[in-house]
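Reading through the C-alpha coordinates given below for one structure.
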Amino acid sequence: TGAREDMARLVRAGYVDMLSTGNGFAVHDLERDIYGTSLGMDTESLDHPRKGHKHHIYTISEIIRAGGIEAAIEDGLVNSGVMYECITGDVPYVIAGSIRDDGPLPETITDSIEAQNAIREQAHRANLVLMLSTLLHSVGVGNCLPSTTRTVCVDIDPSTVTQLIDRGSSHAIGMVTDVGTFVPLLADDLLRGE
60 TGAREDMARL VRAGYVDMLS TGNGFAVHDL ERDIYGTSLG MDTESLDHPR KGHKHHIYTI
120 SEIIRAGGIE AAIEDGLVNS GVMYECITGD VPYVIAGSIR DDGPLPETIT DSIEAQNAIR
180 EQAHRANLVL MLSTLLHSVG VGNCLPSTTR TVCVDIDPST VTQLIDRGSS HAIGMVTDVG
240 TFVPLLADDL LRGE
(Lines of atoms letter the chains of each structure in order from A and count residues from 1; the text may use other names and numbers.)
(Lines give C-alpha, C1' and ligand atoms only; values in the text may rest on other atoms or scores of the structure.)
Protein backbone atom coordinates (compact mmCIF):
# COMPACT_ATOMS: atom_id res chain seq x y z
CA THR A 1 0.00 0.00 0.00
CA GLY A 2 2.97 2.31 0.36
CA ALA A 3 2.61 2.41 4.15
CA ARG A 4 5.57 0.14 4.91
CA GLU A 5 8.17 2.81 5.65
CA ASP A 6 5.81 4.80 7.84
CA MET A 7 4.66 1.73 9.76
CA ALA A 8 8.33 0.89 10.33
CA ARG A 9 8.87 4.45 11.60
CA LEU A 10 6.02 4.01 14.09
CA VAL A 11 7.53 0.75 15.35
CA ARG A 12 10.99 2.32 15.62
CA ALA A 13 9.62 5.32 17.55
CA GLY A 14 7.89 3.08 20.10
CA TYR A 15 4.27 3.60 19.04
CA VAL A 16 3.76 -0.12 18.38
CA ASP A 17 3.96 -2.28 21.50
CA MET A 18 3.24 -5.55 19.71
CA LEU A 19 2.35 -6.77 16.23
CA SER A 20 -0.06 -9.48 15.21
CA THR A 21 0.03 -10.32 11.53
CA GLY A 22 -0.34 -13.04 9.00
CA ASN A 23 2.40 -14.75 7.00
CA GLY A 24 1.55 -12.71 3.88
CA PHE A 25 2.24 -9.33 5.47
CA ALA A 26 5.60 -10.48 6.82
CA VAL A 27 6.61 -11.97 3.46
CA HIS A 28 5.60 -8.81 1.55
CA ASP A 29 7.58 -6.68 4.01
CA LEU A 30 10.67 -8.87 3.64
CA GLU A 31 10.32 -9.15 -0.15
CA ARG A 32 10.29 -5.35 -0.36
CA ASP A 33 13.61 -5.19 1.47
CA ILE A 34 15.32 -8.08 -0.31
CA TYR A 35 14.08 -7.50 -3.88
CA GLY A 36 12.50 -4.04 -3.86
CA THR A 37 9.25 -5.60 -5.03
CA SER A 38 5.83 -6.54 -3.71
CA LEU A 39 4.42 -9.66 -5.36
CA GLY A 40 7.01 -9.07 -8.05
CA MET A 41 6.16 -5.44 -8.83
CA ASP A 42 8.87 -2.83 -8.28
CA THR A 43 7.41 -0.58 -5.59
CA GLU A 44 9.27 2.50 -6.81
CA SER A 45 8.94 2.33 -10.60
CA LEU A 46 5.83 0.07 -10.71
CA ASP A 47 7.65 -2.03 -13.33
CA HIS A 48 7.33 -5.80 -13.40
CA PRO A 49 10.87 -7.23 -13.42
CA ARG A 50 11.46 -10.41 -15.39
CA LYS A 51 10.47 -13.35 -13.18
CA GLY A 52 9.51 -10.88 -10.46
CA HIS A 53 6.42 -12.92 -9.70
CA LYS A 54 8.78 -15.46 -8.12
CA HIS A 55 10.19 -12.96 -5.60
CA HIS A 56 7.51 -13.84 -3.03
CA ILE A 57 8.57 -17.50 -2.97
CA TYR A 58 12.26 -16.62 -3.30
CA THR A 59 11.94 -14.40 -0.22
CA ILE A 60 10.50 -17.25 1.83
CA SER A 61 13.32 -19.52 0.63
CA GLU A 62 15.98 -16.92 1.50
CA ILE A 63 14.57 -16.49 5.01
CA ILE A 64 14.36 -20.26 5.54
CA ARG A 65 17.93 -20.65 4.23
CA ALA A 66 19.13 -17.96 6.68
CA GLY A 67 17.44 -19.73 9.59
CA GLY A 68 14.59 -17.27 10.16
CA ILE A 69 13.93 -13.56 10.08
CA GLU A 70 16.22 -12.69 12.99
CA ALA A 71 19.08 -14.67 11.42
CA ALA A 72 18.44 -12.93 8.08
CA ILE A 73 18.79 -9.59 9.85
CA GLU A 74 21.98 -10.68 11.60
CA ASP A 75 23.37 -11.87 8.23
CA GLY A 76 22.59 -8.50 6.62
CA LEU A 77 20.03 -9.98 4.23
CA VAL A 78 17.24 -7.85 5.74
CA ASN A 79 18.03 -4.24 6.65
CA SER A 80 14.72 -2.41 6.90
CA GLY A 81 10.97 -2.74 7.21
CA VAL A 82 8.35 -3.49 9.81
CA MET A 83 9.66 -6.95 10.76
CA TYR A 84 13.21 -5.56 10.92
CA GLU A 85 12.09 -2.83 13.33
CA CYS A 86 10.12 -5.29 15.46
CA ILE A 87 13.10 -7.60 15.85
CA THR A 88 15.80 -4.96 16.34
CA GLY A 89 13.54 -3.02 18.71
CA ASP A 90 12.44 -6.09 20.71
CA VAL A 91 8.79 -5.53 19.80
CA PRO A 92 6.93 -8.81 20.32
CA TYR A 93 5.16 -10.17 17.27
CA VAL A 94 2.94 -13.07 16.32
CA ILE A 95 2.81 -14.33 12.74
CA ALA A 96 -0.27 -16.50 12.41
CA GLY A 97 -0.54 -18.93 9.54
CA SER A 98 -3.47 -19.99 7.41
CA ILE A 99 -4.11 -22.70 4.84
CA ARG A 100 -3.65 -20.05 2.12
CA ASP A 101 -0.03 -19.30 3.01
CA ASP A 102 2.95 -19.71 0.74
CA GLY A 103 5.92 -21.15 2.58
CA PRO A 104 5.37 -20.28 5.34
CA LEU A 105 8.13 -18.34 7.06
CA PRO A 106 9.87 -20.24 9.90
CA GLU A 107 8.39 -17.91 12.54
CA THR A 108 4.83 -18.44 11.34
CA ILE A 109 2.68 -20.32 13.84
CA THR A 110 0.90 -22.86 11.65
CA ASP A 111 -1.18 -24.51 14.39
CA SER A 112 -4.34 -22.39 14.48
CA ILE A 113 -5.06 -23.05 18.17
CA GLU A 114 -1.48 -22.16 19.13
CA ALA A 115 -1.66 -19.00 16.98
CA GLN A 116 -4.99 -18.01 18.51
CA ASN A 117 -3.58 -18.49 22.02
CA ALA A 118 -0.55 -16.31 21.17
CA ILE A 119 -2.83 -13.61 19.74
CA ARG A 120 -5.15 -13.87 22.76
CA GLU A 121 -2.18 -13.33 25.08
CA GLN A 122 -1.27 -10.18 23.13
CA ALA A 123 -4.87 -9.01 22.91
CA HIS A 124 -5.46 -9.10 26.64
CA ARG A 125 -2.50 -6.77 27.19
CA ALA A 126 -3.64 -4.25 24.55
CA ASN A 127 -5.26 -0.91 25.37
CA LEU A 128 -5.74 0.03 21.72
CA VAL A 129 -5.77 -2.22 18.65
CA LEU A 130 -5.29 -0.77 15.19
CA MET A 131 -6.62 -3.14 12.51
CA LEU A 132 -5.14 -2.27 9.14
CA SER A 133 -6.49 -3.60 5.86
CA THR A 134 -6.81 -7.29 6.60
CA LEU A 135 -10.31 -8.61 7.15
CA LEU A 136 -9.68 -12.25 8.02
CA HIS A 137 -6.79 -11.66 10.40
CA SER A 138 -8.58 -8.72 12.02
CA VAL A 139 -11.71 -10.84 12.60
CA GLY A 140 -9.52 -13.44 14.30
CA VAL A 141 -7.86 -10.83 16.50
CA GLY A 142 -11.22 -9.20 17.22
CA ASN A 143 -12.54 -12.54 18.47
CA CYS A 144 -9.73 -12.60 21.04
CA LEU A 145 -10.26 -9.05 22.34
CA PRO A 146 -12.12 -8.11 25.49
CA SER A 147 -15.14 -5.94 24.63
CA THR A 148 -13.58 -3.01 26.48
CA THR A 149 -10.49 -2.77 24.24
CA ARG A 150 -10.45 0.34 22.07
CA THR A 151 -10.35 -0.72 18.44
CA VAL A 152 -9.70 1.29 15.28
CA CYS A 153 -10.37 -0.43 11.96
CA VAL A 154 -8.98 1.11 8.77
CA ASP A 155 -9.80 -0.41 5.39
CA ILE A 156 -10.70 0.87 1.94
CA ASP A 157 -13.71 -1.49 1.80
CA PRO A 158 -16.72 -0.11 3.75
CA SER A 159 -18.19 -3.57 4.33
CA THR A 160 -14.93 -4.71 5.95
CA VAL A 161 -14.97 -1.75 8.32
CA THR A 162 -18.63 -2.37 9.19
CA GLN A 163 -18.03 -6.06 9.79
CA LEU A 164 -15.09 -5.39 12.10
CA ILE A 165 -16.63 -2.62 14.19
CA ASP A 166 -19.91 -4.53 14.66
CA ARG A 167 -18.26 -7.39 16.55
CA GLY A 168 -19.42 -6.39 20.03
CA SER A 169 -16.71 -3.95 21.08
CA SER A 170 -18.01 -0.98 23.00
CA HIS A 171 -15.08 1.16 21.85
CA ALA A 172 -14.74 0.62 18.08
CA ILE A 173 -14.01 3.28 15.49
CA GLY A 174 -14.12 2.59 11.78
CA MET A 175 -12.40 4.55 9.04
CA VAL A 176 -12.93 3.90 5.33
CA THR A 177 -9.73 4.95 3.61
CA ASP A 178 -6.60 3.53 2.03
CA VAL A 179 -4.05 2.36 4.58
CA GLY A 180 -1.41 3.83 2.24
CA THR A 181 -2.87 7.25 3.03
CA PHE A 182 -3.80 6.71 6.68
CA VAL A 183 -0.53 5.30 8.06
CA PRO A 184 1.74 8.04 6.59
CA LEU A 185 -0.58 10.74 7.96
CA LEU A 186 -0.67 9.03 11.35
CA ALA A 187 3.12 8.71 11.41
CA ASP A 188 3.62 12.33 10.37
CA ASP A 189 1.25 13.52 13.09
CA LEU A 190 2.66 11.33 15.87
CA LEU A 191 6.29 11.87 14.92
CA ARG A 192 6.07 15.61 14.34
CA GLY A 193 8.90 17.22 16.27
CA GLU A 194 10.73 13.97 17.01
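Here the sequence shown stands for residues 60 to 253, numbered as in our numbering.
Beta carbons: idealized from backbone N, C-alpha and C, even for Gly.
Cβ distance (whole Å) where residue i is taken to contact residue j below 8 Å
| i | j | result |
| --- | --- | --- |
| GLU103 | GLY95 | 7 Å |
| ASP101 | GLY140 | In fact, because the Cβ distance is near 16 Å, the residues do not count as touching under 8 Å. |
| ILE154 | GLY81 | 7 Å |
| GLY99 | HIS114 | 5 Å |
| LEU164 | ALA85 | 6 Å |
Close beta carbons around residue i, own chain, < 6 Å, minus the five adjacent residues each side
| i | result |
| --- | --- |
| LEU191 | VAL213 and VAL238 |
| LEU194 | THR219 |
| MET77 | PRO151 and GLN181 |
| ALA125 | ALA131, ASP134 and LEU136 |
| GLU144 | ALA67, VAL70 and ARG71 |
| MET234 | VAL213 |
| LEU187 | ARG209 |
Three-way DSSP call (helix, strand, coil) for residue i in this model
| i | result |
| --- | --- |
| SER79 | strand |
| ASP88 | helix |
| ASP248 | helix |
| ARG209 | strand |
| ALA125 | helix |
When the options are compared against residue i, the one with the closest alpha-carbon
| i | options | result |
| --- | --- | --- |
| GLY199 | ASP216, ILE224, GLU253 and PRO217 | ILE224 |
| THR207 | VAL75, GLY162, PRO217 and ARG184 | ARG184 |
| SER120 | TYR143, LEU89, GLY135 and ASN176 | LEU89 |
| ALA177 | LEU204, ASP160, ILE158 and LEU189 | LEU204 |
Length of the line joining the Cα atoms of residue i and residue j
| i | j | result |
| --- | --- | --- |
| ASP248 | PHE241 | 11 Å |
Own chain, CB closer than 7 Å to residue i, minus 5 neighbours either side, in chain order
| i | result |
| --- | --- |
| GLY148 | VAL70 and ARG71 |
| GLY156 | ASN82, PRO163, THR167, ILE168, THR169 and ALA174 |
Own chain, CB closer than 8 Å to residue i, minus 5 neighbours either side, in chain order
| i | result |
| --- | --- |
| ILE123 | GLY162, LEU164 and PRO165 |
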